[in-house]
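Under numbering that gives the first Met the number 0, the first residue of the sequence shown is numbered 0, with each subsequent residue one higher. Glycine included, C-beta positions come from ideal geometry on N, C-alpha and C. If you're wondering where the values come from, they're calculated on a predicted model, not measured in any experiment. A quick write-up on the structure given underneath.
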Amino acid sequence: MTHAAARRRATAIFCFATIYLVWGSTYLTTKIGVRTLPPFLFGGARFLLGGLLLYAVAVALRLRRGEPAPRPTSRDWRHLLVVGFVGVFASNGGNVWGVQHLASNQAALLNVSATFWIALLGTFGKRAHPLGLRTATGLAIGFIGTALIAWPQEGAAANFALGAGTIAVLFACFNWAVATTYLRNIDTTLDVMTFTGLQMIIGGVMMMTLGFALNEAPAWNWNPLGLAMLAYMTLFSSCLAYTAYGWLSVNMTPAQVSTYAFVNPAVATLLGWWVLDEHLNVAQSLGMAVILGAMLLVNWPAARDTAQ
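If you want it as structure tokens, here you go:
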């Protein structure tokens with residue numbers, strides 16, 4: 000294996016681990032955060048602050064290398080507006096609002112639907128990647144495993160299926176898949192960190208504007224727990240995980256990238272058990288094993304993966 004190939008493999012492992020673990024924890028942190036802070040201002044502040052921080056780091060790194068500050072072209076701004084609206088405002092706005100009305104494991108289960116949209120939409124565009132039999136099988140098995148670990152409690156099925164929170168999260172998942180596919184097929188003069196920071200700033204401003212329009216400002220407070228959740232979401236979920244996801248969207252196949260939606264519910268369920276004393280049953284434990292097998296089926300062997 001060449002040095003470049005080894006470096007690529009190490010980067011891929013780090014990025015996958017980041018989105019698996021960090022985004023798996025966001026169901027818990029978001030649930031706690033919106034208990035004390037209004038949803039759209041909470042989400043908007045997360046992305047605005049995270050985007051500003053990420054963009055500042057990107058500019059500092061360029062200046063350190065003796066390069067000028069990034070200057071987005073008109074085409075770059077068009078792409079940023081689209082991804083900021085679809086991938087941040089519509090997607091995360093729907094999730095942060097919906098999680099108010101759903102259990103964290105239910106929200107995690109619903110987010111699996113993004114996997115199928117990403118894989119399906121990934122068959123279109125100039126960087127289209129067709130679904131092979133092994134990949135399709137892995138995706139199907141992964142869905143079964145996720146259903147096992149995050150099946151709603153008895154008696155809650157009707158509200159879970161038909162409630163407003165369910166519709167909001169499903170809408171969010173579709174928009175996330177659209178943004179992922181769009182990002183994979185565009186050409187931009189900006190590096191991943193700069194593009195990610197700017198798209199988060201744009202989406203964050205949109206979410207905060209909606210929050211103020213819905214008169215969420217009087218409900219804002221400085222509760223230490225809510226602010227701690229906001230800080231975690233800003234630094235880890237927004238800055239670190241979004242940058243990792245941006246790299247994976249360009250360098251890995253859509254089916255491989257979409258496996259985060261299988262692993263995240265497992266992480267969310269474990270954290271719910273640890274923090275909220277939600278106990279795992281036999282079916283949920285089996286589901287976690289099934290998810291791991293599905294992830295390996297889709298991703299193995301990593302050495303054969305190439306940027307598409």
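### Query
Excluding five sequence neighbours on each side, which residues of the same chain lie with their C-beta closer than 7 Å to the C-beta of Leu-270?
Within the sequence shown, numbered from 1, the residue matching residue 270 stands at position 271. Excluding sequence neighbours, Leu-270 sits near Ser-24 and Leu-27.
### Whole-Å CB distance - Gly-92 paired with Phe-39, under 8 Å assumed
Within the sequence shown, numbered from 1, the residue matching residue 92 stands at position 93. Within the sequence shown, numbered from 1, the residue matching residue 39 stands at position 40. About 6 Å separates the beta carbon of Gly-92 from that of Phe-39, a gap short enough to meet the 8 Å contact definition.
### Query
Counting pairs of Cβ atoms below 8 Å between the segment 103-116 and the segment 245-252, do you hit three or more?
No, because fewer than three Cβ pairs between the segment 103-116 and the segment 245-252 fall closer than 8 Å, the two stretches do not touch.
### Query
Which one of Leu-101, Ala-139 and His-100 has the shortest CA to CA distance from Ala-118?
The residue given as residue 118 occupies position 119 in the sequence shown. Checked all of Leu-101, Ala-139 and His-100; the closest Cα to Ala-118 is Ala-139.
### Query
Assuming Pro-253 and Arg-183 make a contact with CB atoms under 8 Å, what is their CB distance in whole Å?
As a working note, residue 253 is residue 254 in the sequence shown. As a working note, residue 183 is residue 184 in the sequence shown. Their Cβ separation, rounded to whole angstroms, is 7 Å, which keeps Pro-253 and Arg-183 in contact under 8 Å.
### Message
Given a cut-off of 8 Å on the beta-carbon distance, is the pair Tyr-259 and Ile-18 in contact?
### Response
The residue labelled residue 259 in the question sits at position 260 within the sequence shown. The residue labelled residue 18 in the question sits at position 19 within the sequence shown. With contacts defined by Cβ atoms closer than 8 Å, Tyr-259 and Ile-18 form a contacting pair.
### Task
Just mark Leu-189 as buried or exposed, buried being the case when its beta carbon has 16 or more other beta carbons within 10 Å.
Taking the sequence shown and counting its residues from 1, one reaches residue 189 at position 190. Leu-189 comes out buried.
### Task
Decide yes or no for the touch test of the segment 195-205 against the segment 5-13: beta carbon pairs closer than 8 Å, at least 3 of them.
With a cut-off of 8 Å on Cβ pairs, the segment 195-205 is not in contact with the segment 5-13, counting fewer than three such pairs.
#### Entry: Segments of 4+ residues assigned as alpha helix (DSSP H) that fall wholly inside the segment 233-257
Along the length of the segment 233-257, whole alpha helix (DSSP H) runs at least 4 residues long occupy 241-250 and 253-256, reported in chain order.
### Query
So, are the CB atoms of Arg-133 and Leu-296 less than 8 Å apart?
In the sequence shown, residue 133 corresponds to position 134, counting from 1. In the sequence shown, residue 296 corresponds to position 297, counting from 1. The answer is yes: Cβ separation under 8 Å.
### Message
Quick check on the DSSP output: the alpha helix (DSSP H) that includes Val-21 runs from which residue to which?
### Response
To locate residue 21, count along the sequence shown from 1; it is residue 22. Counting along the chain, the alpha helix (DSSP H) containing Val-21 begins and ends at 2-35.
### Sufficient close CB pairs (3 or more, under 8 Å) joining the segment 220-229 to the segment 74-83
With the cut-off at 8 Å, the segment 220-229 and the segment 74-83 do not touch.
### Query
Looking at the unbroken alpha helix (DSSP H) that takes in Pro-38, where does it start and where does it end?
Here residue 38 is taken as the residue at index 39 of the sequence shown, counted from 1. Where Pro-38 is concerned, the enclosing alpha helix (DSSP H) starts and stops at 38-63.
### Task
Look up Phe-84 in the DSSP assignment and say whether it is helix, strand or coil.
One-based indexing of the sequence shown puts residue 84 at position 85. DSSP places Phe-84 in the helix class (H, G or I) of the three-state scheme.
### Query
What three-state label does DSSP hand Ser-90 in the structure shown?
Taking the first residue of the sequence shown as 1, we reach residue 90 at position 91. Reduced to three states, the DSSP call for Ser-90 is helix.
### Task
Taking only the alpha-carbon atoms, compute the straight-line gap between Thr-268 and Gly-65 and give it to the nearest angstrom.
Locating residue 268 in the sequence shown gives position 269, where the first residue counts as 1. Locating residue 65 in the sequence shown gives position 66, where the first residue counts as 1. When rounded, the separation of the alpha-carbon atoms in Thr-268 and Gly-65 is 46 Å.
### Message
Does Gly-137 come out as helix, strand or coil in the three-state DSSP assignment?
### Response
The count along the sequence shown starts at 1 and reaches residue 137 at position 138. Residue state, collapsed to three classes: helix.
#### Entry: Member of Val-95, Leu-147, Val-289 and Met-207 whose CA lies at the smallest distance from the CA of Cys-310
Only positions 0 to 307 of the chain appear in the structure, and residue 310 is not among them; the question remains open.
### Task
Using a threshold of 8 Å, state whether the C-beta atoms of Leu-53 and Thr-180 are closer than that.
As a first step, residue 53 must be located in the sequence shown, where it is residue number 54. As a first step, residue 180 must be located in the sequence shown, where it is residue number 181. For the pair Leu-53 and Thr-180, the CB atoms are not nearer than the 8 Å cut-off.
### Query
Do Gly-370 and Gly-97 have their CB atoms nearer than 8 Å?
Here the chain has residues from 0 to 307 only, and residue 370 is not among them.
### Query
Mapping DSSP to helix, strand and coil, what is Gln-105?
Residue mapping note: residue 105 aligns to position 106 of the sequence shown, counting from 1. Look at Gln-105 here: in three-state DSSP terms it is helix.
### Query
Which class does Pro-129 belong to by DSSP, given the choice of helix, strand or coil?
Within the sequence shown, the letter at position 130 stands for residue 129. Coil at Pro-129, not helix or strand.
### Query
Does DSSP classify Arg-183 as helix, strand or coil?
Residue 183 sits at position 184 when you count from the first residue of the sequence shown. If DSSP states are grouped into helix, strand and coil, Arg-183 belongs with the helices.
### Task
Spatial neighbours of Ala-102 within its chain, please: CB distance less than 6 Å, with the 5 preceding and 5 following residues excluded, ordered by chain position.
Here residue 102 corresponds to residue number 103 of the sequence shown, with the count starting at 1. Once the five neighbours on either side are set aside, Ala-102 has no close Cβ partner at all.
### Task
Determine the closest residue to Ala-216 out of Pro-223, Met-206 and Leu-224, with distance taken between C-alpha atoms.
Here residue 216 corresponds to residue number 217 of the sequence shown, with the count starting at 1. The shortest CA-to-CA distance from Ala-216 to any of Pro-223, Met-206 and Leu-224 is the one to Met-206.
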